[in-house]
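Residue numbers (the UniProt record's numbering): 2 to 220. From the three backbone atoms N, C-alpha and C, an ideal C-beta is built for every residue, glycine too. Keep in mind that this is a model prediction, so the values were computed, not measured. Right, one structure below, let's go through it.
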Ligand code: C5P
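Listed below in structure tokens is the structure:
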């Protein structure tokens with residue numbers, strides 16, 4: 002079978018990573034969470050007390066940082082396992098600012114494109130179909146209402162034992178989307194040739210099945 006690249010983009014908490022992991026598993030493909038890469042450098046920025054406005058210091062730090070995403074979906078930066086740390090509120094609130102630095106994006110996109118060379122990949126993020134893999138054989142744009150996304154994230158938090166406030170989540174999600182859509186360099190945007198799926202009323206299984214159907218026509 003022909004190995005392809007599958008790009009999954011969309012706003013915050015639309016279920017991209019959940020769905021992308023399942024699609025990758027069914028296809029025997031690797032899964033790459035590009036948001037985790039931006040979160041990892043954000044984590045290091047905070048940890049090293051670098052000012053979020055100091056773009057050149059952040060870029061310096063990134064250039065010497067090794068970011069590894071494992072098959073078990075663990076995230077390492079410079080050998081440190083930061084899988085849980087990168088999901089903290091502090092990182093979530095700062096990541097869009099760090100991800101808006103053009104030079105940081107350039108470096109990340111280069112690293113991401115290295116991973117795509119052999120195809121057989123599902124990659125999720127904000128600019129995968131538009132910039133990272135413009136020639137992806139399948140492009141999906143996942144959306145859901147802000148209310149639904151906040152409710153999903155809220156129950157995820159509760160399951161993990163993380164304190165959570167659904168109204169606050171709505172505001173945070175809407176704010177992060179706004180920042181991601183309004184940035185100058187590769188903003189969050191549906192690629193012209195992407196297929197949009199509104200998951201508001203759909204189960205995870207429904208979404209995965211829809212994507213697999215689209216993928217099956219390409220392989
Ligand atoms: O996917 P996730 O919500 O973990 O991404 C965190 C943040 O990283 C996004 O809100 C966005 O600012 C940034 N990001 C990006 N480009 C990507 C993936 C994530 O700018 N391809």
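Over the uninterrupted alpha helix (DSSP H) stretch that includes residue i, give me the two end residues.
i           : result
residue 196 : Segment 196-199 is the beta strand (DSSP E) holding residue 196; no alpha helix (DSSP H) there.
residue 99  : 90-99
residue 189 : Note, residue 189: premise wrong, no alpha helix (DSSP H); not H, not E.
residue 206 : 205-217
residue 17  : 17-28
Taking only heavy atoms of the ligand C5P into account, decide whether any of them is closer than 7 Å to the Cβ of residue i.
i           : result
residue 19  : no
residue 83  : no
residue 129 : yes
residue 220 : no
residue 16  : no
residue 46  : no
residue 150 : no
residue 96  : yes
residue 39  : yes
residue 181 : yes
residue 13  : yes
residue 177 : yes
residue 137 : no
residue 36  : yes
residue 126 : yes
residue 100 : yes
Starting from residue i and walking both ways along the beta strand (DSSP E), at which residues does that stretch end?
i          : result
residue 6  : 6-10
residue 69 : 68-70
residue 33 : 31-34
Would residue i count as contacting chain C if we go by Cβ distances under 8 Å?
i           : result
residue 193 : Here chain C cannot be found, since the structure has a single protein chain.
Hey, would you say residue i sits closer than 8 Å to residue j, going by beta carbons?
i           : j           : result
residue 70  : residue 33  : yes
residue 42  : residue 63  : yes
residue 110 : residue 132 : yes
residue 178 : residue 8   : no
residue 94  : residue 213 : no
residue 10  : residue 130 : yes
residue 164 : residue 98  : no
residue 15  : residue 200 : yes
residue 105 : residue 40  : no
residue 101 : residue 176 : no
residue 45  : residue 66  : yes
residue 185 : residue 5   : no
residue 142 : residue 196 : yes
Entirely enclosed alpha helix (DSSP H) segments - the segment 39-86, minimum 4 residues: Whole alpha helix (DSSP H) segments, 4+ residues: 56-64.
Closer than 8 Å is the cut-off here; do at least three beta carbon pairs connect the segment 146-156 with the segment 168-182? yes
Within 8 Å, do at least three Cβ pairs link the segment 47-61 to the segment 131-145? No: fewer than three Cβ pairs fall under 8 Å.
Say whether the segment 112-131 touches the segment 18-36, bearing in mind that this needs 3 or more beta-carbon pairs closer than 8 Å, one atom from each stretch. yes
Validate contact between the segment 16-32 and the segment 79-99 using beta carbons, cut 8 Å, 3 pairs: Result no; under three Cβ-Cβ pairs closer than 8 Å.
Residue ranges of each beta strand (DSSP E) run of no fewer than 3 residues wholly in the segment 117-195, ordered along the chain? 122-126, 139-144
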